[in-house]
Amino acid sequence: MAELAIAGGVVTRGQAFPARRTMGEAEKQAVVEVMDSGVLSGFFGSPGPHWLGGSKVQEFERKWAEKYGFAHAISVNSWTTGLMTAVGAIGISPGDEVIVSPYTMSASATAILFYGGIPVFADIDPDTFNISAATIERCISPRTKAIMVVHIFGQAADMDPIVELARRHQLKVIEDAAQAPGVYYKGKPVGAIGDIGGFSLNYHKHIHTGEGGMLVTNDDQLALRCQLIRNHAENLVEFQQVEDLSNMIGSNYRLTELQAAIGCAQLDRLDDCLLHRRRLAAYFGAQLAGIDGLTAAKVADGAEHAYYLYPVKYDAKITGIPRNAFIKAVNAELPAPEVWEQTGWAEAYVRPLYLAPLYQKKIALGPKGFPWSMNPGVEYSYQKGICPVVERMYDEELIFTPLMREPLLESDIDDFVAAIKKVLSNKAELQSL
Ligand SMILES: *Cc1c(COP(=O)(O)O)cnc(C)c1O
């Protein structure tokens with residue numbers, strides 16, 4: 008008789024993990040109010056009282072800024088456009104280098120390219136998966152203008168040494184905190200520990216407005232430049248007395264009143280969401296501590312973790328089971344996911360960004376090698392091997408789960424742990440398949 012589900016045995020759990028449902032009565036009510044008003048967007052792309060958006064957009068921004076003590080919060084229609092706005096606002100010019108992690112969603116790096124900046128990839132710390140002052144420093148050149156720090160999986164990067172390094176070299180710091188809303192680092196909220204940063208509000212993130220993003224900064228001038236880029240800067244610069252016209256070509260990155268109204272209600276849920284995730288993560292981490300070959304997510308001193316995803320380091324030499332076979336066998340013990348968030352284990356996270364054709368062929372804007380062509384004689388290497396830790400995580404060690412989330416309970420995590428233990432204790436059967 009087979010034991011493991013993947014070999015034809017009985018599954019550990021048949022009942023689907025509850026889906027993530029983050030919308031409630033408050034959001035419904037908020038949407039109805041906006042519908043009744045008839046004003047689904049309050050923006051005008053021209054001088055006047057409405058160039059900063061309608062009442063819900065401004066309320067959402069005020070609410071976000073006040074909750075965390077940011078001087079400014081500026082909503083945008085996605086965090087990808089938010090990252091582009093931040094890169095433009097800090098004044099990145101064609102040929103400027105920006106240091107970024109390769110272990111992140113692709114937009115952290117492409118936002119740089121949209122202004123002709125050149126992404127230079129720094130390796131990650133093997134415990135936190137974030138870039139660090141040590142890995143960043145090796146990438147600094149006379150052409151470096153900024154650092155894009157990503158708080159990956161929801162854990163705050165070690166910001167103090169990074170900001171100190173940046174100040175020493177007169178570099179700007181952007182924080183991609185898409186996966187870390189409401190996270191603190193040594194008592195400071197991430198997002199504006201550097202110069203500017205922000206959060207994603209897409210459907211998969213902790214709280215969402217369908218699509219959307221929120222920029223935050225404590226710098227008045229950067230805030231103004233962001234507000235301008237978001238909304239047709241070219242039409243507004245004279246009226247806002249902007250002297251530096253570089254990158255003051257605007258776009259339309261405006262959030263709607265409907266989304267902003269939903270966002271206000273969602274923000275009220277964020278603290279509970281983080282508490283819930285941290286509770287499950289602590290519970291799961293304690294059980295992982297007793298399992299050889301799986302090392303629980305390590306949270307660095309002074310950092311908080313939002314557990315957008317829960318990362319684990321997998322050692323196939325200890326378990327005796329190849330990573331992919333382990334993932335498949337555990338997931339076979341669990342119900343098939345209908346939506347991504349019901350997945351048990353996944354492996355590798357994203358391929359190191361520099362291995363994508365865009366970087367391998369150095370074809371970004373047009374076919375002629377721009378922006379790399381801005382710096383003739385400078386060799387930019389995106390070869391395999393430039394960031395060995397990222398490649399090791401991607402190729403061998405990293406596994407992660409999206410299950411440390413609301414509305415799952417400890418009993419759901421128990422089933423997940425039982426599936427893991429069952430696979431590990433039936434290694435011989437798995438090897439015989
Ligand atoms: C989600 C995400 C983004 C992009 O956000 P969108 O709102 O989907 O545009 C950027 N960076 C990271 C790290 C993300 O997780």
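If you want this note's numbering, it's the 1-based position in the sequence shown plus 7. We put the CB at the ideal spot given by N, CA and C, even for glycine.
Compare the beta carbon distance of V83 and G198 with 9 Å and say whether it is the shorter of the two. As a working note, residue 83 is residue 76 in the sequence shown. As a working note, residue 198 is residue 191 in the sequence shown. Not closer than 9 Å, so no.
Out of curiosity, what's the CA-to-CA distance linking E104 and K152?
-> Start at 1 with the first residue of the sequence shown, and residue 104 comes out as number 97. Start at 1 with the first residue of the sequence shown, and residue 152 comes out as number 145. E104 and K152 have their alpha carbons spaced roughly 6 Å apart.
The segment 360-368 in contact with the segment 379-390 per 3-pair CB rule at 8 Å
Yes, the segment 360-368 touches the segment 379-390.
- Specify the secondary structure class of D421 as computed by DSSP and reduced to three states. For the purposes of this step, residue 421 is taken as the residue at position 414 of the sequence shown. Collapsing the DSSP output to three states places D421 in a helix.
### Task
Return yes when the C-beta of V157 is under 8 Å from any heavy atom of ligand 1, and no when it is not.
As a working mapping, residue 157 is identified with position 150 in the sequence shown. For ligand 1, at least one heavy atom lies less than 8 Å from the Cβ of V157.
(request) Examine ligand 1 and report whether any of its heavy atoms sits within less than 8 Å of the Cβ of S85. (result) Within the sequence shown, numbered from 1, the residue matching residue 85 stands at position 78. S85 Cβ: within cutoff of ligand 1.
**Prompt:** Name the DSSP bridge partner or partners of V107?
**Reply:** What you label residue 107 is simply residue 100 of the sequence shown in a count that begins at 1. Note: V107 sits in a beta bridge opposite F128 and M155.
Comparing the CB of H211 with every heavy atom of ligand 1, is any distance shorter than 8 Å?
Taking the sequence shown and counting its residues from 1, the one referred to as residue 211 is at position 204. Yes, since a heavy atom of ligand 1 falls inside the 8 Å radius drawn around the Cβ of H211.
Is P318 helix, strand or coil when you go by DSSP?
Sequence index remark: in the sequence shown, residue 318 carries index 311 (1-based). Assignment of P318 by DSSP, reduced to helix, strand and coil, places it in the strand class.
Once the 5 residues before and after A267 are set aside, which same chain residues still bring their CB inside 6 Å of it?
By 1-based counting over the sequence shown, the position of residue 267 is 260. For A267, where only same-chain residues beyond five positions count, the Cβ hits under 6 Å are K63, V64 and F67.
CB of T29 within 9 Å of CB of C271, strictly: Numbered from 1 along the sequence shown, position 22 holds the residue referred to as residue 29. Numbered from 1 along the sequence shown, position 264 holds the residue referred to as residue 271. Contact: no.
Note to self: For ligand 1, is there any heavy atom lying closer than 8 Å to the beta carbon of S115?
What the structure shows: In the sequence shown, residue 115 corresponds to position 108, counting from 1. Indeed, a heavy atom of ligand 1 lies less than 8 Å from the Cβ.
Which value, in whole angstroms, describes the spacing of the CA atoms of W347 and I214? In the sequence shown, the residue the question calls residue 347 occupies position 340. In the sequence shown, the residue the question calls residue 214 occupies position 207. Answer to the nearest angstrom: the Cα atoms are 16 Å apart.
Grab me the residues of Y455's own chain with a C-beta within less than 6 Å of its C-beta, minus the 5 sequence neighbours each way, in chain order. Nothing about residue 455 can be read from this structure; the chain reaches only from 8 to 440.
One or two residues paired with G204 in a DSSP bridge | Here residue 204 refers to the residue found at position 197 of the sequence shown. Bridge partners of G204: E182 and V223.
- If you measure from the CB of A185, is any heavy atom of ligand 2 nearer than 8 Å? Absence of ligand 2 from the depicted structure is noted, with ligand 1 being the only ligands included.
Q | Same chain, Cβ closer than 6 Å to T88, five either side skipped, listed in chain order | A | Mapped onto the sequence shown, residue 88 falls at position 81. Y260, listed in sequence order.
**Study point:** Which listed residue (K305, P409 and Q349) has its alpha carbon closest to that of Y356
**Key:** The residue given as residue 356 occupies position 349 in the sequence shown. The shortest C-alpha separation from Y356 is found at P409.
Which partner residues does T302 have in the DSSP bridge list? Translated into the one-based positions of the sequence shown, residue 302 becomes position 295. For T302, the beta-bridge partners assigned by DSSP are K320.
Mind reading off the beta-carbon distance from I200 to T224? Whole number of angstroms is fine, and I expect it under 8 Å.
For the purposes of this step, residue 200 is taken as the residue at position 193 of the sequence shown. For the purposes of this step, residue 224 is taken as the residue at position 217 of the sequence shown. Their Cβ separation, rounded to whole angstroms, is 11 Å, which puts I200 and T224 out of contact at 8 Å.
| request: Under 8 Å by Cβ, that's how I've got I147 and S108 pegged, so tell me the actual separation to the nearest angstrom. | output: Translated into positions along the sequence shown, residue 147 becomes position 140. Translated into positions along the sequence shown, residue 108 becomes position 101. Contact annotation, I147 with S108: C-beta distance approximately 15 Å; criterion of less than 8 Å not satisfied.
Practice prompt. Return yes when at least one heavy atom of ligand 1 lies under 8 Å from the C-beta of S207, else no.
Written response: Along the sequence shown, read from residue 1 onward, the residue named residue 207 stands at position 200. True, at least one ligand heavy atom lies under 8 Å from that Cβ.
| task | Classify H312 as helix, strand or coil using the three-state DSSP reduction. | result | Here residue 312 corresponds to residue number 305 of the sequence shown, with the count starting at 1. Strand, per DSSP.
- Task: To the nearest angstrom, report how far apart L208 and E218 are at their CA atoms.
- Result: Indexing the sequence shown from 1 puts residue 208 at position 201. Indexing the sequence shown from 1 puts residue 218 at position 211. Our two residues, L208 and E218, have alpha carbons roughly 6 Å apart in a direct line.
**Prompt:** Comparing the C-beta of S148 with each C-beta of chain C, is any distance below 9 Å?
**Reply:** No chain C appears in this structure, which consists of one protein chain only.
Residues in the same chain with beta-carbon distance under 7 Å from Q247, minus the five sequence neighbours each way, listed in chain order, please. Translated into positions along the sequence shown, residue 247 becomes position 240. Sequence-distant Cβ neighbours of Q247 in its own chain, meaning closer than 7 Å and more than five residues away, are L231 and L235.
message: By DSSP's criteria, H79 is part of a beta bridge. Which residues make up the other side?
response: Indexing the sequence shown from 1 puts residue 79 at position 72. Beta-bridge pairing links H79 to T224.
Note to self: Are the CB atoms of D299 and E404 within a distance shorter than 9 Å?
What the structure shows: Here residue 404 corresponds to residue number 397 of the sequence shown, with the count starting at 1. Here residue 299 corresponds to residue number 292 of the sequence shown, with the count starting at 1. Not closer than 9 Å, so no.
So, under 8 Å CB-CB, Y290 and I420 are touching, yes? Tell me the CB distance rounded to an integer number of Å.
By one-based count along the sequence shown, residue 290 stands at place 283. By one-based count along the sequence shown, residue 420 stands at place 413. The Cβ separation is near 6 Å, so the contact holds.
Over the uninterrupted beta strand (DSSP E) stretch that includes F407, give me the two end residues.
-> Here residue 407 is taken as the residue at index 400 of the sequence shown, counted from 1. The continuous beta strand (DSSP E) containing F407 extends over residues L405 to T408.
* Could you check if E413 is buried or exposed, using at least 16 other CB atoms within 10 Å of its CB as the buried criterion? => Mapped onto the sequence shown, residue 413 falls at position 406. Result: buried.
What do you reckon, are the CB atoms on T142 and L222 nearer than 9 Å?
In the sequence shown, residue 142 corresponds to position 135, counting from 1. In the sequence shown, residue 222 corresponds to position 215, counting from 1. A distance of 9 Å or more separates the beta carbons of T142 and L222.
- Leaving out the 5 sequence neighbours to the left and right, which residues in its chain are closer than 6 Å to T263 when beta-carbon positions are compared? For the purposes of this step, residue 263 is identified with residue 256 of the sequence shown, where counting begins at 1. So the qualifying residues of the chain are L47 and S48.
Notebook entry, point to check: Ends of the alpha helix (DSSP H) at C280?
Noted result: Translated into positions along the sequence shown, residue 280 becomes position 273. That run of the alpha helix (DSSP H) goes L277 to L295.
Exercise for the section: Please determine, among S115, F77 and A33, the residue with the shortest C-alpha to C-alpha distance to L229. Expected result: Residue mapping note: residue 229 aligns to position 222 of the sequence shown, counting from 1. For L229, the closest of S115, F77 and A33 by C-alpha to C-alpha distance is F77.
With burial defined as no fewer than 16 other Cβ atoms inside 10 Å of the residue's Cβ, what is the status of L252: buried or exposed? Counting from 1 along the sequence shown, the entry for residue 252 is found at position 245. Counting other Cβ atoms within 10 Å of its Cβ, L252 stays below 16 and is therefore classed as exposed.
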